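Asker: The structure that follows is given in the form of structure tokens.
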Amino acid sequence: MKKTISLLLALCITLCCMFSVSAEEIQYNGKKVALKAAKGDTVEVCVSLGGVKKVGGIHLVYTFDSTCLQYNSYTASEGKALVINDDTNELSWSTLFNAKGTDFDTTGEIITFNFTALSDISIDDKKMTYYVKEFFNADMNDLPQTSITVLSKTNGETVIGKLYGDANGDGKISTSDALVILRHSINIAQIDESRIGLCDVNGDGKITANDSMQITRYAIGYKSNYPIGEVY
Ligand SMILES: [Ca+2]
Ligand SMILES: [Ca+2]
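In this note's numbering, the protein residues as written are 163 to 394.
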């Protein structure tokens with residue numbers, strides 16, 4: 163019975179989402195990179211891009227805590243410049259893609275920064291952030307399609323970060339998370355205490371069906387104005 167109610171609610175949410183598309187803005191301000199390492203570990207920070215059609219280029223800036231991370235080198239399949247500002251501990255990377263208007267899409271890692279951990283780093287620490295300083299020759303209407311994914315690997319193993327909206331803790335955002343939140347909001351089941359903080363994705367201080375709906379929208383492919391899928 164509970165399962166049937168849940169499925170019906172999930173179906174309602176999905177249908178609502180399909181008829182409520184709105185213009186959404188791109189927001190890339192100081193996103194946290196999930197890191198987890200022990201002193202001496204090799205830490206790689208890998209960047210992937212998707213949907214960059216009609217974007218001429220991109221300039222990303224990373225800020226990191228140099229007391230616990232030592233920058234070593236980078237490898238890039240695309241890239242024109244890398245500047246390290248020692249005063250601010252900023253790594254800067256720019257690339258120029260194909261001319262505006264041509265189809266260009268890339269999957270996989272396009273640049274990887276290599277670090278050594280100088281001390282232990284917990285998954286909850288905020289030791290590195292990144293933001294997009296500039297898009298070159300970009301059509302603003304196309305930017306909402308552009309996705310930037312930054313993952314870290316410690317000794318070759320991908321670090322699974324705590325993500326906003328990941329109510330079931332599997333490291334991904336899916337409609338299952340929306341269902342977990344919906345069940346919690348109507349008191350059918352409780353969310354694990356360690357993940358409660360991830361579930362108020364619209365930031366209104368409550369966990370409600372609206373959080374569930376926002377996650378469903380995200381999971382079925384809509385960009386969100388809320389930090390769903392971002393590292394907590
Ligand atoms: Ca999940
Ligand atoms: Ca909420």
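Just so you know, even glycine gets a beta-carbon here, dropped at the ideal spot from N, CA and C.
Nothing here was measured: the structure is a model prediction, and the numbers come from that model.
For S356 and V393, what's the separation of their Cα atoms in angstroms?
Answerer: Here residue 356 refers to the residue found at position 194 of the sequence shown. Here residue 393 refers to the residue found at position 231 of the sequence shown. About 15 Å.
Asker: When DSSP labels each residue in this structure, what does M110 get in the three-state scheme?
Answerer: This structure does not reach residue 110, given that the chain is present from 163 up to 394, and the question cannot be answered.
Asker: Measuring straight from C-alpha to C-alpha, what distance separates G327 and V312?
Answerer: Residue numbering aside, residue 327 sits at position 165 when the sequence shown is read from its first letter. Residue numbering aside, residue 312 sits at position 150 when the sequence shown is read from its first letter. Going by the C-alpha atoms only, they are around 17 Å apart.
Asker: Helix, strand or coil: how does DSSP classify Q376 here?
Answerer: Here residue 376 refers to the residue found at position 214 when the sequence shown is read from its first residue. In the structure shown, Q376 sits in a helix (DSSP, three-state: H, G or I).
Asker: What span of residues does the alpha helix (DSSP H) with S338 cover, start to end?
Answerer: Translated into the one-based positions of the sequence shown, residue 338 becomes position 176. Looking at the DSSP string, the run of the alpha helix (DSSP H) that includes S338 is T337 to S347.
Asker: Looking only at C-alpha atoms, which of I310, R345, Q352 and Y293 sits nearest to T225?
Answerer: Start at 1 with the first residue of the sequence shown, and residue 225 comes out as number 63. Minimum Cα distance to T225 is reached at Y293.
Asker: Check whether the Cβ of N387 lies closer than 8 Å to any heavy atom of ligand 2, and answer yes or no.
Answerer: Walking along the sequence shown from the start, residue 387 turns up at place 225. No, Cβ of N387 sits at least 8 Å from all heavy atoms of ligand 2.
Asker: Taking the alpha carbon of T320 as the reference point, which residue from G192, G359 and L197 has its own alpha carbon closest?
Answerer: Within the sequence shown, the letter at position 158 stands for residue 320. Out of G192, G359 and L197, L197 has the C-alpha closest to the C-alpha of T320.
Asker: Does DSSP put C230 in a helix, a strand or coil?
Answerer: The residue you call residue 230 lines up with position 68 of the sequence shown. Three-state DSSP puts C230 in coil, outside helix and strand.
Asker: Using C-beta distances below 6 Å, list every residue in its chain close to Y233, excluding the 5 sequence neighbours before and after it, in chain order.
Answerer: Taking the sequence shown and counting its residues from 1, the one referred to as residue 233 is at position 71. Correct list, in chain order: F277.
Asker: Among all residues, which have a Cβ less than 7 Å from at least one non-hydrogen atom of ligand 2, and in what chain order do they fall?
Answerer: For ligand 2, the selected residues are D362, V363, N364, G365, D366, G367, K368, I369, T370, N372 and D373.
Asker: Please confirm if the region 280-292 is in contact with the region 344-362, defined as three or more CB-CB distances below 8 Å between the two stretches.
Answerer: Taking 8 Å as the limit for Cβ pairs, the verdict is that the region 344-362 does not touch the region 280-292.
Asker: Just to check, is the beta-carbon of N317 closer than 8 Å to a non-hydrogen atom of ligand 1?
Answerer: Translated into the one-based positions of the sequence shown, residue 317 becomes position 155. No, Cβ of N317 sits at least 8 Å from all heavy atoms of ligand 1.
Asker: For G318, which of helix, strand or coil comes out of DSSP?
Answerer: Sequence index remark: in the sequence shown, residue 318 carries index 156 (1-based). Coil, per DSSP.
Asker: What separation, rounded to the nearest whole angstrom, lies between the Cα atoms of I308 and C230?
Answerer: The residue labelled residue 308 in the question sits at position 146 within the sequence shown. The residue labelled residue 230 in the question sits at position 68 within the sequence shown. It should be noted that the sequence gives Thr, not Ile, for residue 308. In a straight line, the C-alpha of T308 is about 31 Å away from that of C230.
Asker: Answer with buried or exposed for V245, where buried requires no fewer than 16 other C-beta atoms within 10 angstroms of its C-beta.
Answerer: Translated into positions along the sequence shown, residue 245 becomes position 83. Under this definition V245 is an exposed residue.
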